[in-house]
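Q: One structure, as structure tokens, below. Some questions next.
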Amino acid sequence: MTDSEAPNFWLMKTEPAVYSMDDLERDGRTPWEGVRNYQARNFMRDKMQPGDRVLIYHSNAAPPGVAGLARVCSAPYPDAFAWDPDSAYFDARSTPDKPLWFLVDICFEEKFSRLIALSEMRADPALDGMALLKKGQRLSILPALPAHFARVVMLKETA
DNA sequence: GCCAACGTTGGC
DNA sequence: GCCAACGTTGGC
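Sequential numbering from 8 applies to the first sequence in our numbering.
Shown next, in the form of structure tokens:
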């Protein structure tokens, strides 16, 4: 199976105090800049493609949880924030000739009417094995199984 | 290449 | 604010 077939499924973390689901709804589309972890970068640079589906997760929040849905809506491209000395995401090792960090654009799809809390996901046997729920998981971008993605979407319909 | 020290993430 | 878990850095 080639990369151009079925969409992939992801979970992307954001701190709502920095950038929330409401911000994404307002913006409609945003470059997912500032990822400075190689594994997370590799997911964006090597695996993501337009149309991929994304659970937007609020980390460092009270409570933490999935706030809504988005889609990957660009091909991967270099993160220009790494070239800006005034940016918090500046990294002198990255240059326009040899970019080190990459990103994709993320487009708003749906804000859930209620947050699917981390505690609720932990308690759901249908989500056993979900990467997000593994101990010590700190990656800001995680692949999700289609079944887990669908289960989270189903949970939003329940009270 | 090892590994201790350090910094960051992120739940609680 | 605490701290466990993990990634990165840098001395050797």
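In this text, a Cβ means the ideal position worked out from N, Cα and C, and glycines have one as well.
1) If you run the structure through DSSP and keep just helix, strand and coil, what is V73?
2) F88: which of V79, P106, G72 sits nearest, CA to CA?
3) Classify L31 as helix, strand or coil using the three-state DSSP reduction.
4) What's the gap between the Cα of N49 and the Cα of Y64?
5) Quick one: grab the DSSP three-state call for V159.
6) Would T165 be called buried (16 or more neighbouring beta carbons within 10 Å of its own) or exposed?
7) For A138, which residues in the same chain have their Cβ closer than 6 Å to its Cβ, ignoring the five residues on either side in sequence?
8) Between N15 and D53, which are expected to be in contact by the criterion C-beta below 8 Å, what is the C-beta distance as a whole number of angstroms?
9) Going by beta carbon distance, what residues of the same chain come within less than 6 Å of K118, once the five residues before and after it are set aside?
10) Does S120 come out as helix, strand or coil in the three-state DSSP assignment?
11) Report the option in M128, P132, L122, G143 whose CA atom is closest to the CA atom of D68.
12) Relative to the C-alpha of P132, which residue among Y45, L162, T37, V61 is closest?
13) Can you pull the DSSP bridge partners for W17?
14) Can you say whether D135 is buried or exposed, counting buried as having 16 or more other CB atoms within 10 angstroms of its CB?
15) In whole angstroms, give me the CA-to-CA distance for A82 and I113.
16) When you compare only the Cα positions, how much space is there between L140 and M51?
A: Looking at the atomic coordinates:
1) Translated into positions along the first sequence, residue 73 becomes position 66. Note: V73 maps to strand in three-state DSSP.
2) Stepping through the first sequence from its first residue, residue 88 is reached at position 81. Among V79, P106, G72, the Cα nearest to that of F88 belongs to P106.
3) Indexing the first sequence from 1 puts residue 31 at position 24. L31: helix per DSSP, three-state reduction.
4) By one-based count along the first sequence, residue 49 stands at place 42. By one-based count along the first sequence, residue 64 stands at place 57. The alpha-carbon atoms of N49 and Y64 are separated by roughly 19 Å.
5) Here residue 159 is taken as the residue at index 152 of the first sequence, counted from 1. Looking at V159 - three-state DSSP - the assignment turns out to be helix.
6) For the purposes of this step, residue 165 is taken as the residue at position 158 of the first sequence. Flag for T165 reads exposed.
7) Looking up residue 138 in the first sequence gives position 131. L149.
8) As a first step, residue 15 is located in the first sequence; it is residue number 8 there, counting from the start. As a first step, residue 53 is located in the first sequence; it is residue number 46 there, counting from the start. At roughly 11 Å, the Cβ-Cβ gap does not stay under 8 Å, so N15 and D53 are not in contact.
9) For the purposes of this step, residue 118 is taken as the residue at position 111 of the first sequence. Closer than 6 Å at the Cβ level, and outside the excluded window around K118, lie M28, E32, G75.
10) Start at 1 with the first residue of the first sequence, and residue 120 comes out as number 113. Strand.
11) Working through the first sequence from its first residue, we reach residue 68 at position 61. Going by the sequence as given, residue 68 is Ala instead of Asp. That would be L122, whose Cα lies nearest to the Cα of A68.
12) In the first sequence, counting from the first residue as 1, residue 132 sits at position 125. Measuring from the Cα of P132, the nearest candidate turns out to be L162.
13) Taking the first residue of the first sequence as position 1, residue 17 is located at position 10. In the DSSP output, where bridge partners are listed per residue, W17 has V61, P150.
14) To locate residue 135, count along the first sequence from 1; it is residue 128. Counting Cβ neighbours within 10 Å, D135 comes out exposed, since fewer than 16 surround it.
15) On the first sequence, residue 82 is found 75 positions in, with the first residue counted as 1. On the first sequence, residue 113 is found 106 positions in, with the first residue counted as 1. The straight-line gap from Cα to Cα measures roughly 10 Å.
16) Sequence index remark: in the first sequence, residue 140 carries index 133 (1-based). Sequence index remark: in the first sequence, residue 51 carries index 44 (1-based). In a straight line, the C-alpha of L140 is about 21 Å away from that of M51.
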